[in-house]
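J.: Residue numbers (our numbering), protein chains in the order written: chain G, 215 to 567; chain H, 109 to 492.
Have a look at this one.
This is the structure we're talking about:
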C-alpha cells in the first residue's frame, strides 16, 4: 500500500508537499511562540478577528461576482473591480450632497438607503452594459478573447471614471450613527465593523436563498451546469446570464459602499486591490461555487488580519504587517497544494471536469 | 514622368538644404522646458499643483515678452507629462522629454520615489533637472545635473525630532511609515536617529506598504508601546486614514508629520480628526513675504485656491531655472547647469535659498505648521 503511494508520487508533487509542510511548520512554530510571548491580550485578538471578519465579508461580497460569472460563462471578469469602484464613487457625490443639505444628519438611515441604492444601481448598470457590449458578442469566441476584453474593459472603465470625476481622492462624509464603539463587557467593537459584517451576512444569506430556492435561481444553476441542455429545457440562457451580472453588480455595489464607509475614501483606482483579493478569495473557496466564495472571502480577511501578528511576531520578524499580502497569497498557494479545486471545489470538479 | 518629378523634387530639396546651410544659423526660437508630474496615481494633487504653478510661471514670462537670453527674447514652451506616480513611468517620462521633446531642462518629478529614477536619466543625458518637492538625499546624491528646490530629509527629520522633544516634551516616540516608498522610509530613519541621539526613545517603528487601507494592527502595537508622540511621515492621502484609525482605537497622543502632509486635501479627507496636529513644511502662506504674497494672490486669482507647498516649490524651481538661463547667456544644457550650480542667493516664495558648487541641495529653512480650525497655521521656523 505505502509503496503504491510512494510510486505514484511524482517529483513535483513531493516538492509541493514538502513546501506545504514547511509552511505549516513555520505557521505552527510561529503561532506557538507568539501565544507563549503573551504580547497581545485576548482583547487584541478579538479586535483582529472582528476586523478580519469585516474585511473578509467585503471580499466575499465582491468574490460572489467573480465566482458567479465564472460559473456561468467560464471566464474571469477582470472588469469586476471597476464595477465595484463605479457604484460607491458615484454615490459619494450623492452622499456629499446629502451631507451638505443636512439631510444626512437628520435622516441617517434614509440617507444610507439612498446611498446604497444609487451605488448598487450604478454598479448594476455598468455590469449589464459590460455584458451586453463587451462580452455577449464574444460568446462563441475562443476563451482567451473575452479574457483580454475584460482586461481592456477594466482599463476603459477606470479611465472613464477618472475622466468623469478627476484623479483625486474623495472623502465620504461622516455618518455619526456609524461612529464610535459598543462596549460588550471588557470588549469594544466598532459600530461600523458590526454594520459591515451584519449587512454582508444578510446579503449573502439572501443571495444564497435566492439561488437555491427560487425559479430564477434554479434556472441560473441550470445554465451554469450546461448551457445547451438548459436552452433545450426552455430556459432563456441570455436572460439568465444578464441576471447573473445584475446580481454580481448589486453585490459589488453594496460591497463598495461598505468599503467606502469603513475607509471613508474613494478613488478611481480603488477597485484594483480589493478586486485582486476577492478574485483570490473566489479561487480559494473554489471558483464557480457560491458558498465557496463567501467562505474564501472570510478566510482571506481573517488570515490577513491575524496572520502577520500570529505567525510572524513570535519568530521575531520586525514589523510583520508589511507581509500581510504575502501571507494572504501563501495561504492561496497552500490551499491549492492540498486542495487544487479550492476549499469547496470538489463538487465543481466532478461536475465540470 | 515619375522619374522627372522625383528629380525635380530632389533638386529642390537639395537647394533648400544648401540655402539653409549658408545664411546666419537661426538658433532655437523657443526655450523648451519639460515638466514631469504626478498627475494621476496616489498623489494627484501634487501633480495638479505642480502643473498649475508651472503654467503660471511660464505664462508670466511669456506675457512679459519672453525670457531675455544673450540679448534676444525667447518664448518659453512647456511640455507637461504624467508619470502616474510610478517610478518606471517617471524614468520613461524623463527619457521622452529629453529625446522626443528635446527640452533644455526638466522640472520634476516631485515625490522622491519618482524623482530618484528620473534623476538617473537626466544625469546620464546631461540635462539639468530640478525636483521641486523631493526631499530624499538620494535624488541629488553624487549627481552633477540634478538640483532641487526643497530642503532634504536629514534636515527635516532633525527639525521634527527637535520639535517633538522641545515643544511637545516627548520622551518616547512611535513611527508608522510606508516601507515601500523612498521618502517615507528615509525620513522615518532620520527622525529615529536624531530622536535617539537627543536622548529620546523610539518605542515602536512600524511599517506598511503603499496602498494599504488598514493600519489597525500596527496602531494596536503602537498603543501597547505607550509613546508620547506619533510620527507619520506619509503622503496626504494615507495620513487621514491612519489618524482616524488611531483615534478609533483610542490612541489620542499628539501626531506630527512632515512636508508630505502639506495639501489641503489632508483636511478635506481627514476632517476634524486632523485638528491640532503639527507638521514641518516648506512655507507658511499666512506669514508670507512680499514675493510670496504676490505669488499667492495671483495663484488664487487664477486657480481659486491657496497654493500648497508643491505649487510654491515648483514656482521657485522655475524662478531658479529662469535665473540660471539668463546668467548662462545661451541656450545650452551645460551652461545652464553650471549657472544653476552657483546661484549665490535666490529670494523665492519658500524663502531664501543658495546653492554651492558640488551639491544640488539648497541651503534654506523649514517651518512648522499646525492645523487649526481646518486651516494650516504658522507655528514656528527652524533655521538651517
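Note that CB positions come from ideal geometry on N, CA and C, so glycine has one too.
Here the structure is a predicted model, which means the values were calculated and not measured.
Could you spell out where the beta strand (DSSP E) holding residue 407 of chain H opens and where it closes?
T.: Careful: residue 407 of chain H lies outside any beta strand (DSSP E), inside the alpha helix (DSSP H) at 398-411.
J.: Considering Cα atoms alone, identify which of G:393, G:232 and G:347 is closest to residue 293 of chain G.
T.: G:347
J.: Are the stretch 240-258 of chain H and the stretch 466-475 of chain H touching by the rule of at least three beta carbon pairs closer than 8 Å?
T.: yes
J.: For the putative contact between residue 344 of chain H and residue 374 of chain H, defined by C-beta atoms under 8 Å, what is the C-beta separation to the nearest angstrom?
T.: 4 Å
J.: Taking a cut of 9 Å between CB atoms, which residues from the stretch 389-406 of chain G lie near chain H?
T.: 393, 394, 395, 402, 404 and 406
J.: Beta-carbon within less than 6 Å of residue 424 of chain H's beta-carbon, same chain only, minus the 5 sequence neighbours each way: which residues are those?
T.: 257, 456, 457 and 458
J.: Give the straight-line distance between the Cα atoms of residue 298 of chain H and residue 190 of chain H, rounded to the nearest whole angstrom.
T.: 30 Å
J.: Residue 478 of chain H bridges to which residues according to DSSP?
T.: H:386 and H:485
J.: How big is the Cα-Cα spacing for residue 495 of chain G and residue 371 of chain H?
T.: 36 Å
J.: Using only alpha-carbon positions, find the residue among G:559, G:258 and G:382 that is nearest to residue 403 of chain G.
T.: G:258
J.: At the level of alpha carbons, what is the spacing between residue 481 of chain G and residue 372 of chain G?
T.: Taken atom to atom, the span from the alpha-carbon of residue 481 of chain G to that of residue 372 of chain G is near 10 Å.
J.: What three-state label does DSSP hand residue 263 of chain G in the structure shown?
T.: helix
J.: Per DSSP, what kind of secondary structure is residue 137 of chain H in: helix, strand or coil?
T.: coil
J.: If you scan the stretch 168-213 of chain H from start to end, which runs of the beta strand (DSSP E) of 3 or more residues do you find wholly inside it?
T.: 175-177 and 180-190
J.: Beta-carbon within less than 6 Å of residue 488 of chain H's beta-carbon, same chain only, minus the 5 sequence neighbours each way: which residues are those?
T.: Excluding residues within five positions, the ones whose Cβ falls inside 6 Å are 476.
J.: Go ahead and pull the three-state DSSP assignment for residue 129 of chain H.
T.: At residue 129 of chain H, the pLDDT of 45 sits below 50, so the modelled position is not reliable and the matter cannot be decided from this model.
J.: Going by Cα to Cα distance, which pick from H:209, H:464, H:301 and H:157 is closest to residue 381 of chain G?
T.: From the listed residues H:209, H:464, H:301 and H:157, the smallest Cα separation to residue 381 of chain G is found for H:157.
J.: Measuring alpha carbon to alpha carbon, tell me which of G:544, G:512 and G:490 ends up nearest residue 262 of chain G.
T.: G:512
J.: For the stretch 347-420 of chain G, list the beta strand (DSSP E) runs that are entirely contained and at least 3 residues long, ordered along the chain.
T.: Taken in chain order, the unbroken stretches of beta strand (DSSP E) that lie wholly in the stretch 347-420 of chain G and span 3 residues or more are 395-398 and 401-404.
J.: Skipping 5 residues on each side, what residues in its chain have a beta carbon closer than 8 Å to that of residue 475 of chain G?
T.: 386, 389, 392, 406, 409 and 410
J.: Among the candidates H:275, H:389, H:180 and H:356, whose CA atom is the shortest distance from the CA of residue 365 of chain H?
T.: H:389
J.: With distances taken Cα to Cα, identify the nearest neighbour of residue 399 of chain G among G:498, G:260, G:479 and G:246.
T.: The candidate whose alpha carbon is nearest that of residue 399 of chain G is G:260.
J.: Ignoring anything shorter than 3 residues, give me the beta strand (DSSP E) runs that lie fully in the stretch 274-354 of chain H, in order along the chain.
T.: 280-286, 309-316 and 337-340
J.: Looking only at C-alpha atoms, which of H:318, H:482 and H:314 sits nearest to residue 330 of chain H?
T.: H:314
J.: If you measure from the beta carbon of residue 411 of chain H to each beta carbon in chain G, is any gap under 8 Å?
T.: No, no contact with chain G.
J.: Quick one: Cα of residue 303 of chain H to Cα of residue 266 of chain H, how far?
T.: 8 Å
J.: So, residue 162 of chain G versus residue 551 of chain G, is the Cβ gap smaller than 8 Å?
T.: A question about residue 162 of chain G goes unanswered here, because the residues of chain G that appear run from 215 up to 567.
J.: Can residue 462 of chain G and residue 498 of chain G be called in contact, C-beta distance under 8 Å?
T.: no
J.: Decide if the stretch 349-360 of chain G is in contact with the stretch 320-336 of chain G; the criterion is three or more beta carbon pairs, one per stretch, under 8 Å apart.
T.: no
J.: Which of the three DSSP states, helix, strand or coil, is assigned to residue 462 of chain H?
T.: Three-state DSSP puts residue 462 of chain H in a strand.
J.: Give me the subset of the stretch 201-231 of chain H whose CB atoms are less than 9 Å from a CB atom of chain G, sorted by chain position.
T.: none
J.: Given that residue 171 of chain H touches chain G, what residues does it touch there, using C-beta distances under 8 Å?
T.: Within 8 Å Cβ-Cβ: nothing; residue 171 of chain H doesn't reach chain G, min ~28 Å.
J.: Decide if residue 447 of chain G is buried, meaning its Cβ has at least 16 other Cβ atoms within 10 Å, or exposed.
T.: exposed
J.: Taking a contact to mean a Cβ-Cβ separation below 8 Å, would you say residue 297 of chain G touches residue 270 of chain G in this structure?
T.: no
J.: Tell me whether the beta-carbon of residue 284 of chain H lies closer than 8 Å to the beta-carbon of residue 323 of chain H.
T.: yes
J.: Looking only at C-alpha atoms, which of H:236, H:464, H:393 and H:473 sits nearest to residue 484 of chain H?
T.: Of the candidates H:236, H:464, H:393 and H:473, the one whose C-alpha sits nearest the C-alpha of residue 484 of chain H is H:393.
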